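Everything in the sequence shown is counted per our numbering, starting at 906 for the first residue and increasing by one. The C-beta atom is built at its ideal place from N, Cα and C for all residues, glycine as well. Since we're looking at a predicted model, the values are computed, not measured. This report concerns only the one structure given below.
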Amino acid sequence: MGELLALLSALCFGITHFVNGLVSRRHNGLTVALHAQLGGTALGLSLVLFLNGGAATLADYGWGALSGVGTGVGVAFLYRAMSQGAMSVVVPVSDVGAVALPVLVGVCFLGERPAAPAWVGIAAVLPALWLVSQSSPDPGDRQRRTVSAGVPSALVASVGFGVQFLAMAQVRMDGGLWPVVVSRVVSVAVIAAVLGSYGADRRLTGRSWAATVAAGALGTLAIVLYLEATRQQLMAIATVLAALYPAIPVLLALVLLNEHLNRRQSGGLACAALAVGLIALR
906 MGELLALLSA LCFGITHFVN GLVSRRHNGL TVALHAQLGG TALGLSLVLF
956 LNGGAATLAD YGWGALSGVG TGVGVAFLYR AMSQGAMSVV VPVSDVGAVA
1006 LPVLVGVCFL GERPAAPAWV GIAAVLPALW LVSQSSPDPG DRQRRTVSAG
1056 VPSALVASVG FGVQFLAMAQ VRMDGGLWPV VVSRVVSVAV IAAVLGSYGA
1106 DRRLTGRSWA ATVAAGALGT LAIVLYLEAT RQQLMAIATV LAALYPAIPV
1156 LLALVLLNEH LNRRQSGGLA CAALAVGLIA LR
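See below:
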């Protein structure tokens, strides 16, 4: 059951990022992230009022807040990246750290010892990032390769999502849903601070607002499913399965948006998929 919940979480995350990625092409990505998290906060409050809120401790709230910081950084810079570059490139880049960071923290601070295949997966992360970030050369200069637009922001998002998954997995089994609400509230505060530093317009109206808020609510459902998955399954398995979410926006972008990948980017995506699979064997 835990595996199914994690896969449903990945599906919800994937749809969320695809919808908000489309909106980010017409509006500031940071503004989209802010309204998405507001929609997610509203759903979180609704769930906790109608369901058993649990008995969260101060530590649970702390982990929820840290997860919110990661969420805020992750979605803010992912949607900024998707407003700058191809969705089929920046979304997978934002995912590698979401898998690798929990492994590295586990090794360095929690005493975990990954199996040999997981170390190979960790080693595959860097070449995967380099390959997938390579755009096609200009017609007049076939020897020059440039970093694809949006990849730097996607790398920042990658760290944020790693913190999100790692921190939320530390909430105790009987911690309830209040830590999720705290996470959403903190993410709104983080995004608002980033948005203010860029001096961007915070307004979003009409269909774009409705789509963003609905997608944000789906994102909160995704994190609730992920939290429940970690309570029924090992964190390693739940995290890796939930981190399969890029498959959804990448496939939708290739099919519906007619995005194309060059050979290096295709190889990079394959390398990233291999890295995720091997890390899952830790």
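Measuring C-alpha to C-alpha distances from G945 to each of Q1170, G1182, V1129 and A1147 identifies V1129 as the nearest.
Going by DSSP, E1133 is part of the alpha helix (DSSP H) stretching over G1111 to Q1137. As the crow flies, the alpha-carbon of A1005 is around 16 Å from that of G1173. Contact between S914 and A1147 holds, with the beta-carbon distance rounding to 4 Å and staying under 8 Å. If you check the CB distance, A911 and Y1150 do not come in under 8 Å. Taking C-alpha positions only, L1036 is separated from P997 by approximately 12 Å. Of all alpha-carbon atoms in V1118, F1070 and S1092, the one lying nearest the alpha-carbon of V978 is that of S1092.
For a cut-off of 8 Å, the C-beta gap from V1010 to P1019 is around 12 Å, too long to register as a contact.
In the structure shown, Y1103 falls within a helical segment according to DSSP collapsed to helix, strand and coil.
By the beta-carbon neighbour count (other beta carbons within 10 angstroms, threshold 16), N1163 is exposed. Of all C-beta pairs linking the stretch 921-937 to the stretch 1115-1130, three or more are shorter than 8 Å, placing the two stretches in contact.
Burial is judged here by how many other beta carbons sit within 10 angstroms of a residue's own beta carbon; A1003 has at least 16 and is buried. Residue environment: Y984 is assigned as buried (16 or more neighbouring CB atoms within 10 Å of its CB, all protein chains considered). Apart from the 5 residues on each side of it in sequence, V1012 sits with its Cβ closer than 8 Å to the Cβ of R1018 and P1019 in its chain, given in chain order. The shortest CA-to-CA distance from A970 to any of N933, V1085 and A1023 is the one to V1085. Where T976 is concerned, the enclosing alpha helix (DSSP H) starts and stops at L963 to M987. When C-alpha distances from L909 are compared across Q1170, A1127 and C1176, the shortest belongs to A1127.
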